Each structure stands twice: as structure tokens, then as C-alpha cells.
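Engineer: Top to bottom, those sequences are chains A and B. Numbering of the first sequence is given in our numbering, commencing with residue 13 and proceeding in unit increments. Numbering of the second sequence is given in our numbering, commencing with residue 1355 and proceeding in unit increments. From the three backbone atoms N, C-alpha and C, an ideal C-beta is built for every residue, glycine too. What you are looking at is a predicted structure, and each value in this text was computed from that prediction instead of being measured. Dropping a structure here in C-alpha cells format, bear with me for questions.
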Amino acid sequence: MHSRLLALPLVLAFLAAACGGGQPAPAPASEAPAAAAVDPATAATLNGTVSFEGAAPANVGIKMNADPVCMKENPTPQTQETYMVKDGKLANVFVYIQDGLGGRTFTAPTEAVVLDQKGCRYHPHVFGLMVGQPMTILNSDPTLHNIHAIPGTNSEFNTAQPIQNMKTEHIFKSKEEKVVVPFKCDVHGWMNAYAGVLDHPYFAVTGEDGKFSIKNLPPGTYKLTAWHEKAGTKTIDVTVAAKETKEDANFSFSAPAAGN
Amino acid sequence: MWLHRYAKFVSAATVLLIVAGGLVTSTESGLAVPDWPTSYGWNMFAFPMKHMVGGIFYEHGHRLIASGVGFLTIVLALWLWRAESRKWMQALGFAALGAVILQGILGGITVLFFLPTAISTAHAGLAQIFFCLTISISLFTSRSWQSLPAGGWVDDSMLRRVAIATTALVYAQILVGATMRHSNAGLAIPDFPLVFGGLLPPVWTPQIAIHFAHRAGALVVGLAIAATAGHVLYHHGERAELRRPALLLVCLVLTQMTLGAFIIWSKKDVAINTAHVITGALTLATSLVLTLRAHRVRFGAASAADVRATLAPALDRSGARA
């Protein structure tokens, strides 16, 4: 412990020099001005479907034999969850309003988002949460996991969860510039998850049918972006009128060019 | 001679440690144990073996082997301090001990701060210096180092210069390789022997630049080793203590270049990637041995009294027999 303490000033000095002191973190959402009310009487809904054109690349196979617990939980051959395509519809796409909300501010929900490590997989694989919203990371497995988040704007963290049913709470304090934060387990190299961290509640993740729905949206014109872990991002312009339910905010992805 | 045997054992253990470290990075397991110096809250020596799974096997295994090498180095430093009459050898033992302690701290810091490239590269670079210290101690405690060979020691200033330059270039190349490895630039140029289908990258990013520098460095090191080995074989081909490391150096650098190519073609296969790390270390060690032997005549002039003192018991015995 002492060597760790002795090392700390050295490293902090190094990091300060390397980062130029850094930027002060924005105030957490709980300290933000009161949320601008969205009038339920005029709120609109944005529905859409994400399709996948052509044959989806085969997901990479996973060898879980590095951990007997994972093998026991998954006796059949396993693959990554990169391309979850069914009937030409793509699941696990994070869809969000990229621009158009103006200066509105929103209060983060107090209800925690749960990221569960179960069967040596992350559940859910893709999810969204707001700045200031609590996130509970749960280890449901009878084996060790480390939960390693690699944000671009927020602080990186790597937490040990050696005990089954162990919980760790985390709150992202800033909006992520690149929106999506990758999570990985360095013990089990195949485990990865992605969280969209936004300062507003207008996001959704596509289900098995490729559909998503963003509700309670103020009327206006927006840039709507769809993100997929391998296929990339696409952005469209959408306009919703008061009380409108728009059904055609659709996206289409295809396999990225070889080498990407 | 037991000290020499023990020093060689420490060097061999260090080879194992570098292999273990190479496996940690090759399997991307560097953060599989998030805490340090504890392991998942356990005292690292009490960490249950049943939990040595996945990336923990590599990372925690590396920590245990490193602790073992640390202990061996403490014994080596104390042994040199007690048994060696050459003061500089005593200092070398403590230098090795200091290096291994600093190396442990660097390893811990790099884990706690999520493997920053600068610290991880420093960890890799210091590993090579520590390995060189153990190799040097092994050489300096050997009988061949401390006895005058038939025909005397080779005194060739050109060989000394070219050997020093080669060792320095090999070390610089290892540092560039470590930077590439720890900045995830190992496949920044995905084809070989061409570079994006040509001779030069069409675009330059930091990762492509460091990768390209490593390839260019391989050519420079290859030429330097060819020059050194050629000089040894042409001028001192009859001297086994120089010829052997020179030939080994040529074999190692050819192996190393082949492994480098296969890393690209196999898209960083773990075994090949790790073999590349250890072959790099062995190339450096061999070049160092050749360099030190080329400088032996200088050591002799400076420390003849020390050598006499070290060899006195054996000389006395042989004198008594005569």
C-alpha cells in the first residue's frame, strides 16, 4: 500500500504534464438547472426500424475454455453478439437524438440501469443511460469478473468483482463526446458491452425485430443517429410535428468494407 | 563457480519472466487483475489457484514470477556483496536489485492507471535493462571472463565501436517495438513486406509512423548485426568467444525478422507475438555479451588486481601443487 502511495504523486505529475491539466468536469446533472418541461399535449413519437442489407458477416466464435465456470454455463458453441440479424433486421443498434434539442436540459432518472454479468456475457449488450443516472453493475456469475469501462470524456475505471452477486454503483458525470462507452472484461476477452451516455433521455436500442421507439419528444427538427458497434453510424434528419407519431425513421446498414 | 551458476539461473528465470510479460500483452490481459499490489483484494501470494482463469492466469502468473525473480535478485545482490572482491560487481548486484524493484513499481502503476503507453513502454524497456544486468553478472562471474585466454584478449577498437553501436541500436529497436506494442499499433500497417501495397504509407498517423519506424529499424539493426558479425568473422574468426555470439546474433536477428513478418500475416497470433518479444531480448543479450567480450581487454587493464584477488585461491592451489 505504501509503495502505491509513494508512486501516486509521480504518476499524477506525469499525467498532469501529459494532459496539460485537463478540463474541469461539467457539473453533474443533479446540479443542472431545472428541466425544461416537455408539454405532454404536444409531445411526439419517433418510431423506426433498422435493417441490414445483404448477408451479415458471421459472428466470431468464442472459446470459453479459459474458465471452467463459463464453459459450464455455456456448454454449446458460442459466438460474439456483433451482428444480431433476424429477417434482415438488425438488433443492438443504439439510436439517439444527436442534435436539435436546443438548450433544453433534462433531469436524469433516479432509477438505476443494471448491467449484469451472467453466463460470462454482459446483459444488455448495448444500452443507454443519462449523465447523472445511476448504473448498477452486477456479477451474477460464480466466477471473477473485472468491469473495465473505457470512456473518452469520463474517467476510465476498472473494478474487481470477485464475488457472486457483488454490485458496484457508477454514475457518469459528463456527456460522452463520442456518445458510446465500451465496456470489457479483461479476464474473459470475449465479453464486451456498449453504453450510450447522453445528457437527454431521447435514445433507444433496437430489439430483435430491429425496431425502436423514442417517445415524449418535443416537436421539432432533429438529427437522428444510429450507432452499431461494427457497422458504424448513420444520421438522418427528421421533423416531428406536435402529437405526431412518425413511423418511418428508418436506417439501413450493411457489412463494412473488408479491413474495417 | 556456484555464484556464476546462480547468476545464470537468475538470467534464465528472467527469460521466463519476459515470456510471461509478453503473454500478458499478447493476450491483452494487462488489466485482468484491476488492483495492485493486491489481487482482487487478496494478498497476491494467497490468491486462490482456482481463480487463475482467463486473463488472470497471465496477469497474476506474471506477478508471481516477477516476485520470484525479485526474491532471486535479492539473494544475488547479497551474494555478490558478500563474495565479490570487485566493488563494481557488488554495485552491479545492487543495481539489478534496484532495477527489479523499480520494475515492480512500474508494473503496478501501469495497472492502476490503465496501461498508459509511456509507463507500459518504460516497464518493457526496464525489463530489458534488468535482463542485461543479470546477463552481465553471469558473464563477469564466469571462469572464462576471469582467466587470460591463449593469445591474450582481443584489442580491436573498431570491433568495440561497432559492437556498442549494434547493442544500442538493438535496444532502441526494442523500445520502438515496445511503444508500438503498447500503443496498439502492431497491425497499423496490415500487410508485409509491402506497406499498404507500396513502399511507403499513403497516410501518416502516429500509429502508422511508429509501426513503420519499427520496420525501418529492423533493417538498420539487421545491417548493424551483419557488419558486426562480418567484422568478427573476418578479423577474429579463430576466437570462439567472439565467433559464437556473432553467429548466434545473425541467427537470432533472422529469426526475429521472420517472426515479425508472421505477426502481421497471423494478425498477432499470441504465440508468435510472444516469441518475438523474447527473441528480441535474446538478441539484445547476445549483442551485449559480444560487446562486453570485445571490451574485455579494457576491463583487464582496469581490474587486474581485482581479478588476481578473485583468482588467488585457485592460483595458490595450483602453485602448491606445482
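Could you check what DSSP says for B/R1593 in three-state terms: helix, strand or coil?
Structural biologist: In this structure, B/R1593 counts as coil in the three-state DSSP scheme.
Engineer: Mind the definition here: the segment 1486 to 1504 of chain B touches the segment 201 to 216 of chain A only if three or more C-beta pairs lie below 8 Å; say whether that holds.
Structural biologist: Too few Cβ pairs lie closer than 8 Å, so no.
Engineer: Would you kindly work out how many angstroms separate the C-alpha atoms of B/I1491 and A/K242, rounded to a whole number?
Structural biologist: Distance between the alpha carbons of B/I1491 and A/K242 is about 51 Å.
Engineer: With distance defined between alpha-carbon atoms, name the residue in A/N170, A/E220, A/F195 nearest to B/Y1394.
Structural biologist: When each option's Cα is compared against that of B/Y1394, the closest is A/N170.
Engineer: Taking contact to mean at least 3 C-beta pairs separated by less than 8 Å, is the segment 252 to 262 of chain A in contact with the segment 1356 to 1375 of chain B?
Structural biologist: The segment 252 to 262 of chain A is not in contact with the segment 1356 to 1375 of chain B.
Engineer: How is A/E181 classed by DSSP in three states: helix, strand or coil?
Structural biologist: A/E181: strand per DSSP, three-state reduction.
Engineer: Check whether chain E comes within 7 Å of B/S1380, counting only Cβ atoms and requiring the distance to be less than that.
Structural biologist: No chain E appears in the structure shown, which is made up of the protein chains A and B.
Engineer: Just to make sure I have the definition right: I need the residues of chain A whose C-beta is within less than 7 Å of the C-beta of B/F1468. Which are they?
Structural biologist: The contacting residues are E168, N170.
Engineer: Do you know how far the Cα of B/A1437 is from the Cα of B/M1355?
Structural biologist: Near 11 Å, if we compare the C-alpha coordinates of B/A1437 and B/M1355.
Engineer: Decide if B/V1465 is buried, meaning its Cβ has at least 16 other Cβ atoms within 10 Å, or exposed.
Structural biologist: Buried, by the Cβ-count rule.
Engineer: Any contact of the segment 218 to 234 of chain A with the segment 152 to 162 of chain A, i.e. 3+ C-beta pairs under 8 Å?
Structural biologist: They do not touch, by the three-pair rule.
Engineer: Check each residue of the segment 142 to 169 of chain A: if its Cβ is closer than 7 Å to any Cβ of chain B, include it; give the result in chain order.
Structural biologist: Going along the segment 142 to 169 of chain A in chain order, one finds T155, L156, N158, H160, E168 with a Cβ nearer than 7 Å to chain B.
Engineer: Going by DSSP in three states, B/S1490 sits in which element: helix, strand or coil?
Structural biologist: B/S1490: helix per DSSP, three-state reduction.
Engineer: Assuming contact is defined by CB atoms lying nearer than 7 Å, are A/V193 and A/A161 in contact in what I supplied?
Structural biologist: Contact: yes.
Engineer: Around the Cβ of B/T1664, are there at least 16 other Cβ atoms within 10 angstroms (buried) or fewer (exposed)?
Structural biologist: Summary for B/T1664: the model assigns pLDDT 48, below 50, so the residue's position carries little reliability; its value from the coordinates is reported in the next sentence. Buried is the call here.
Engineer: Can you find a CB in chain A that lies within less than 7 Å of the CB of B/S1383?
Structural biologist: Closer than 7 Å: yes.
Engineer: With distance defined between alpha-carbon atoms, name the residue in A/Q110, A/D198, A/A253 nearest to B/T1381.
Structural biologist: The residue with the shortest Cα to Cα distance from B/T1381 is A/D198.
Engineer: List the endpoints of the continuous alpha helix (DSSP H) containing B/R1515.
Structural biologist: Segment 1511 to 1536, the alpha helix (DSSP H) holding B/R1515.
Engineer: Roughly how many angstroms lie between the CA atoms of A/N151 and B/P1388, to the nearest whole one?
Structural biologist: The straight-line gap from Cα to Cα measures roughly 15 Å.
Engineer: Using alpha carbons as the reference points, say which of B/T1640, B/S1439, B/A1445 lies closest to B/A1431.
Structural biologist: For the residues B/T1640, B/S1439, B/A1445, the minimum Cα distance to B/A1431 belongs to B/A1445.
Engineer: Leaving aside the five residues before and after B/E1413 along the sequence, list all residues of the same chain whose C-beta is less than 7 Å from its C-beta, in chain order.
Structural biologist: Result list for B/E1413: V1378, S1383, G1384, A1386, V1387, in chain order.
Engineer: Just to confirm the assignment, what range does the beta strand (DSSP E) spanning A/M147 have?
Structural biologist: That run of the beta strand (DSSP E) goes 146 to 151.
Engineer: Which one of A/T57, A/M96, A/N86, A/M76 has the shortest CA to CA distance from A/A68?
Structural biologist: Nearest option by C-alpha distance: A/M96.
Engineer: What is the DSSP secondary structure of A/A41, counted as helix, strand or coil?
Structural biologist: Unreliable placement is indicated for A/A41, whose pLDDT of 40 sits below 50; no coordinate value is reported for it.
Engineer: Just curious, the alpha helix (DSSP H) that A/Y134 is in, first and last residue?
Structural biologist: No alpha helix (DSSP H) holds A/Y134; the beta strand (DSSP E) holding it covers 133 to 135.
Engineer: Can you tell me where the beta strand (DSSP E) holding A/H157 begins and where it ends?
Structural biologist: Counting along the chain, the beta strand (DSSP E) containing A/H157 begins and ends at 157 to 161.
Engineer: Give the residues of chain B in contact with A/A78, contact being defined as C-beta atoms less than 7 Å apart.
Structural biologist: Within 7 Å Cβ-Cβ: V1407, G1408.
Engineer: Drop a sphere of 10 angstroms on the beta-carbon of A/E93, count the other beta-carbons inside from all chains shown, and report buried for 16 or more, exposed for fewer.
Structural biologist: Buried is the call here.
Engineer: In whole angstroms, give me the CA-to-CA distance for B/K1441 and B/F1448.
Structural biologist: B/K1441 and B/F1448: Cα-Cα distance of roughly 11 Å.
Engineer: Looking at chain A, which residues of the segment 1502 to 1520 of chain B have a Cβ within less than 9 Å of any of its Cβ atoms?
Structural biologist: Hits within the stretch: zero.
Engineer: As an exercise, report each continuous beta strand (DSSP E) stretch of at least 3 residues that is fully enclosed by the segment 80 to 129 of chain A, in chain order.
Structural biologist: Those beta strand (DSSP E) runs which fall completely within the segment 80 to 129 of chain A and span 3+ residues are 106 to 111.
Engineer: How should B/R1443 be labelled, buried or exposed, when 16 other C-beta atoms within 10 angstroms of its C-beta is the threshold for buried?
Structural biologist: Inspection of the sequence shows that residue 1443 of chain B is occupied by Met rather than by Arg. B/M1443 should be labelled buried.
Engineer: For a contact defined as C-beta to C-beta under 7 Å, what are the partners of B/A1386 on chain A?
Structural biologist: Here the neighbours are N158, D198, V199.
Engineer: In angstroms with no decimal places, state the Cα-to-Cα distance between A/V126 and B/F1399.
Structural biologist: Cα to Cα, A/V126 sits roughly 34 Å from B/F1399.
Engineer: Near A/Y234, what residues of its chain come up, given a Cβ to Cβ distance below 6 Å and the 5 sequence neighbours on each side ignored?
Structural biologist: Hits under 6 Å: I109, G112, V250.
Engineer: Under 7 Å between beta-carbons, which chain A residues line up against B/Y1394? List them in chain order, please.
Structural biologist: In chain order: L156, A172, P174.
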